[in-house]
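Okay, structure first, notes after.
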Amino acid sequence: MSTVLNAAAHPPLRVAVAGLGAVGQKIAQVLDEGLPGCKLAAVSANDRQRAEERLSHLKQRVPVVAIEELEPLADVVVECAPAQLLPTIAEPFLKAGKTVIVLSAGAILSHEALVEVAREHGGQIIVPTGALIGLDAVTAAAEGTIHSVRMITRKPVKGLVGAPYLVQNNIEIEHIREPIRVFNGTPREAAIGFPANLNVAVALSLAGIGPDRTTLEIWADPSLKRNTHRIEVDSDSASFSMSIENIPSDNPKTGRITALSVIACLRKMRAPLRVGS
Ligand SMILES: NC(=O)C1=CN([C@@H]2O[C@H](COP(=O)(O)OP(=O)(O)OC[C@H]3O[C@@H](n4cnc5c(N)ncnc54)[C@H](O)[C@@H]3O)[C@@H](O)[C@H]2O)C=CC1
Ligand SMILES: O=C([O-])CC(=O)C(=O)O
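Numbered according to our numbering, the sequence shown terminates at residue 279, and the numbering increases by one at each position without gaps.
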């Protein structure tokens, strides 16, 4: 069974990658190797020369351009850059009625106007499941009534160290010997206190009952090697709990599965058979 759409009727989706770190490099590499229905159109990186070196082994030559120059070159942009760049990356694509795949999901909360821009111009912001699990079940349950969503995240010290919340509250984790709970609050608060560590909690909240009703605990655990997330949902259609243990990528804060989630999302955008909502 072919899993590719009729290429004549559907030209390949031109994909731009904004940010060439742990996630962006993997996505660029897979697109270059060949993802049915998609092609790598352009890349944006902080250090252009280093990016060109990182891309030099690819089969195709890919333009490395400033963020502002990406939009005319692509139909979709994958935002995989530091959170503060979200509006600069997303706005031109949304104003052109195009699609933005957002990994810095926490930044959506401080830039909610982007959703209005998408609505006004017929663009779309996609938040993939990323490093989490089960957002299809959570969005399905949200079509009914969800009573509660709880998330408990446990991370190795390296996955949390340097987070603004820890620095501001003088929470020292580098020498801990036992797990400690470093945060108990909401994804909205975590998006500010842990902007590079807890995008998954914001994604979960946007899928379910929002960033103020979802509850979140964050633990630093020196015995762990993997970022682990457990979610517990109670709703009028189902109760479920799920957990995932993420093997870190080159960036200890980011699970390897994050880039794969984006690749699966891109594949679905052009697939004749699409599994999962
Ligand atoms: N939604 C989710 O499930 C997850 C989201 N994330 C988020 O995804 C984003 C990317 O993650 P990683 O690849 O691990 O981060 P990373 O730090 O490895 O890569 C970010 C890249 O953006 C580049 N960059 C900085 N300024 C730039 C500019 N002006 N123009 C273009 N590029 C620029 C950096 O040089 C770096 O290479 C982060 O915001 C991270 O917090 C990470 C893991 C899971
Ligand atoms: O949510 C994030 O930004 C990253 C994360 O927890 C993971 O990769 O496991």
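Note that the Cβ used here is the ideal one computed from N, Cα and C, for glycine as well. Everything numeric in this text was worked out from a predicted model, so none of it was measured.
Beta carbon of residue i: closer than 6 Å to some heavy atom of ligand 1?
| i | result |
| --- | --- |
| Val102 | no |
| Val25 | yes |
| Leu208 | no |
| Cys82 | yes |
| Ala85 | yes |
| Ala266 | no |
| Leu88 | no |
| Ser225 | no |
| Ile69 | yes |
| Gly195 | no |
| Gly21 | yes |
| Ala273 | no |
| Leu218 | no |
| Leu75 | no |
| Leu105 | yes |
| Asn171 | no |
| Asn253 | yes |
Which residue from the options puts its Cα closest to that of residue i?
| i | options | result |
| --- | --- | --- |
| Ile265 | Ile148, Asp49 and Glu81 | Glu81 |
| Leu226 | Ser207, Glu247, Gly210 and Glu219 | Glu247 |
| Leu137 | Arg50, Ala205 and Thr217 | Ala205 |
| Met153 | Pro84, Leu88, Thr131 and Glu219 | Glu219 |
| Thr188 | Asn199, Leu134 and Ser207 | Ser207 |
| Gly125 | Phe95, Ala109 and Ala143 | Phe95 |
| Val129 | His123, Glu122 and Val117 | Val117 |
Does the separation of the CB atoms of residue i and residue j fall below 7 Å?
| i | j | result |
| --- | --- | --- |
| Arg183 | Trp221 | yes |
| Pro158 | Arg190 | no |
| Ile69 | Ser106 | no |
| Ala209 | Val140 | yes |
| Ala18 | Ala53 | no |
| Pro224 | Gly195 | no |
| Gly132 | Thr260 | yes |
| Met244 | Ile135 | yes |
| Cys40 | Pro14 | yes |
| Val79 | Ala20 | yes |
| Gly108 | Ser239 | no |
According to DSSP, simplified to helix, strand and coil, what is residue i?
| i | result |
| --- | --- |
| Ile173 | coil |
| Pro89 | helix |
| Leu226 | coil |
| Asn201 | helix |
| Gly212 | coil |
| Gly195 | helix |
| Arg258 | coil |
| Arg1 | The shown model of the chain, from 3 to 279, leaves out residue 1, and the question about it has no answer. |
| Val277 | coil |
| Ser207 | helix |
| Ser263 | helix |
| Leu22 | coil |
### Task
Anything with a beta carbon under 6 Å from a heavy atom of ligand 4 counts; list them all in chain order.
With respect to small molecules bound, the structure shown includes ligand 1 and ligand 2 and not ligand 4.
### Query
What runs of the alpha helix (DSSP H), each 4 residues or longer, lie entirely inside the stretch 108 to 181?
If we require 4 residues or more, the alpha helix (DSSP H) runs fully inside the stretch 108 to 181 come out as 115 to 123, 137 to 144 and 166 to 170.
### Task
Could you tell me which uninterrupted alpha helix (DSSP H) segments, each at least 4 residues in length, are contained entirely in the stretch 25 to 79, listed from first to last along the chain?
Given a length threshold of 4 residues, each whole run of the alpha helix (DSSP H) inside the stretch 25 to 79 is given here in chain order: 50 to 57.
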